[in-house]
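So the structure is just underneath, and the comments pick up after that.
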Amino acid sequence: MSARSPVELRTLWRLARPGGMPLVLALPLVGFGFGHWEWGLSLRGPERLVAVLIGWWFLSAGTLWLNAALDRDEGEVLMGPHADVPDGIEAWAYGALVLAVVASTLGGWVAGASALVASVLAVLYSHPRTAWKGHPVGGPLVNLVGYGLLSPLAGWSLVHTTPTLRTIPTLLLIMGWIAATYLGAQAFQRKEDAARGYRTLVVTHGPRTVLVLVRWLYGATFWLAMVLTAIGMYPRLALAAIPSWIVLDRHLSAWIQQPDGGDARWARTMLRAAATLTGVLLLTVAIQHLWHVLAGGAPAG
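Take the sequence shown: its position 186, counting from 1, is numbered 185 in numbering that gives the first Met the number 0, and each next residue is one higher.
Next up, the structure:
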């Protein structure tokens with residue numbers, strides 16, 4: 000099979016997990032939207048946002064291709080079907096990471112620097128000589144910084160505003176949500192991780208401990224957000240997300256009872272429930288923001 004055959008291109012597309020790409024692109028979008036909402040602004044810099052979203056697509060693809068080269072998955076995977084890993088995928092991955100930095104830099108130096116740091120983290124996560132993915136601290140750290148901090152920061156920077164009292168708490172909430180999601184995504188993979196020699200949390204402490212922690216992280220993050228909502232830091236309309244939280248929490252409670260972490264279906268349902276809950280929260284903020292903008296009012300909150 001040639002390096003650029005249609006078969007390989009289709010395989011690369013499948014290994015980029017397009018089903019999960021909306022969740023990745025949502026993170027800079029959340030930062031971009033938050034930057035507008037916290038100052039009650041009309042739309043700023045949509046062309047910069049397009050550049051960053053293109054950059055983050057390449058960043059995600061390159062990260063997943065490096066991960067595929069390291070893992071050579073034979074079992075179940077999230078957000079896509081199994082695909083054989085083609086030879087030379089590392090070259091495609093590094094090329095995608097370079098394009099990620101170039102495209103993101105068109106949005107501004109902060110977005111470009113964020114993409115650069117995230118690309119370095121992706122290499123540390125999946126390069127055979129470092130393989131932070133299999134480390135109990137390195138793996139979560141890469142995801143917390145790359146997805147939880149740098150991704151929303153890249154989007155927020157495009158609005159060119161200054162931080163408010165809501166900025167740091169919001170970033171911490173996003174990081175808590177990302178931590179729970181990352182750990183939940185590995186809860187069914189103990190056998191695969193152990194076979195590769197990884198020392199992930201699911202290997203060292205077992206699926207039940209991981210899932211209890213996932214439920215606690217989701218709960219702590221959500222209810223902290225609700226407390227901040229109740230005191231007026233976020234729109235009180237966000238309290239409408241409580242039913243969606245109940246759906247997610249009940250699923251996690253049932254998943255904890257499954258032997259050996261269940262299978263990928265449980266993780267997919269968790270991702271759908273968490274995404275639905277997040278969507279409800281973002282919708283309430285968007286409604287409140289549009290109300291302020293259309294009314295010509297003061298900054299949100």
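Glycine is no exception: its CB is placed at the ideal position from the N, C-alpha and C atoms. As the structure is a computational prediction, the values presented were derived from the model and not from experiment.
Q | Within 8 Å, strictly: CB atoms of A121 and L48 | A | no
Q | A253 to M225 span [Cα, whole Å] | A | 24 Å
Q. In three-state DSSP terms, what is M225?
A. helix
Q. So what does DSSP say about I173, is it helix, strand or coil?
A. helix
Q: Within the same chain, show all residues whose beta-carbon is closer than 6 Å to that of L227, passing over the 5 residues directly before and after it, in chain order.
A: Y233
Q.
Once the 5 residues before and after L209 are set aside, which same chain residues still bring their CB inside 6 Å of it?
A. Sequence check: residue 209 is Val here, not Leu. For V209, where only same-chain residues beyond five positions count, the Cβ hits under 6 Å are L182, A186, L200 and V201.
**Q.** Buried or exposed by the 16-neighbour rule on C-beta atoms within 10 Å, applied to P242
**A.** exposed
Q: Given a cut-off of 8 Å, decide if V51 and A68 are closer than it, judged by their beta-carbon atoms.
A: no
Q. Between M174 and the rest of its own chain, which residues show a CB-CB distance below 7 Å, the 5 nearest in sequence each way excluded?
A. L143, G147 and L148
Q.
Please state whether the Cβ-Cβ distance between L251 and V213 is less than 8 Å.
A. yes
Q. Would you say the segment 92-100 touches the segment 33-47, given that touching needs at least three Cβ pairs under 8 Å?
A. no
Q. Which same chain residues, not among the five before or five after R207, have their C-beta less than 7 Å away from its C-beta?
A. I255
Q) Pick from W108, Y124 and G145: whose alpha carbon is nearest that of L24? A) G145
Q. Excluding sequence positions up to five away, which residues of its chain have a Cβ less than 7 Å from the Cβ of H134?
A. R198
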